[in-house]
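Have a look at the structure below, then the notes.
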Amino acid sequence: MPKTLDVNTALDRAQWLCSQSERCVFDISQKLRQWGVGSDDSQKIVDSLIKHGFIDEERYAQSFAREKARFNRWGPRKIEMALRAKRLSDEHIQFAISEIQEFTSSSNLEELISKKAKSINFRDTYDLKSKLLRFGLSRGFEYPEVTKVVDKVVSEYK
C-alpha cells in the first residue's frame with residue numbers, strides 16, 4: 736500500500752505536474768486518487784489549481800487536439816472521443832475541434848492514406864480498399880471523407 740500524501744504535498748506535486756504540461760481535472764483527480772488523497776481534499780486541491788490557473792480545461796482541450804492532430808495525425812472523431820473520455824464539456828470539445836481544421840483536412844487525409852497504401856500488402860483492389868477504409872476510420876475521420884479519399888487512392892493502383 737503506497738504512502739498517502741498530505742494535502743500540502745499533494746498540492747505542490749499537482750502544481751508541479753500542471754506546470755510541466757497541460758492537465759485536465761480528470762487527469763489530476765486520478766493522480767490525487769493514486770496518491771491516496773481523500774475526495775474532499777482532492778476537490779479542494781483541484782479548486783485551488785483552477786483558481787490559480789494551473790488547470791484550464793479549454794486550454795487543455797485545445798492543446799490536446801492540436802497535438803493529436805498535428806503529431807499523431809488523428810482525425811476529429813478520434814480526438815473528440817478522447818476528450819470525452821477525459822470528461823471535458825461539449826463546449827470545450829467543439830471549440831478544440833474547430834481549432835484544428837487545418838490539420839484534419841482532406842489533403843492531410845489523402846497524404847496519410849497514400850502513405851499507408853504503399854506500406855501494406857494486399858491481394859486485390861478490394862482488399863486494399865477495405866484495409867485503407869479501416870485505417871482511415873480508425874484514425875478518426877468521417878466515413879464519407881475517408882471513402883472519397885480511399886477511392887481516389889485505390890484508382891491509382893488499378
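Quick note: the sequence shown uses the working numbering, first residue 736, plus one each step. Glycine residues also receive a C-beta, built at the ideal position from the N, C-alpha and C atoms.
Less than 8 Å separates the beta-carbon of residue 823 from that of residue 759. For the options 839, 766, 881, 757, the alpha carbon positioned closest to that of residue 806 is the one of 839. Under the three-state reduction of DSSP output, residue 860 falls in the helix class. Non-local C-beta neighbours of residue 768 in its own chain, meaning closer than 6 Å and more than five positions away in sequence, are absent.
About 7 Å separates the beta carbons of residue 799 and residue 831, which is inside the 8 Å limit, making them a contact pair.
A straight-line Cα-Cα distance of about 43 Å links residue 870 and residue 779. Residue burial is scored here from C-beta neighbours: residue 763 has at least 16 other C-beta atoms within 10 angstroms and is therefore classed as buried.
Considering only 772, 836, 855, 862, the residue with the shortest C-alpha distance to residue 876 is 836. Between residue 888 and residue 855, the CB-CB gap reaches or exceeds 8 Å.
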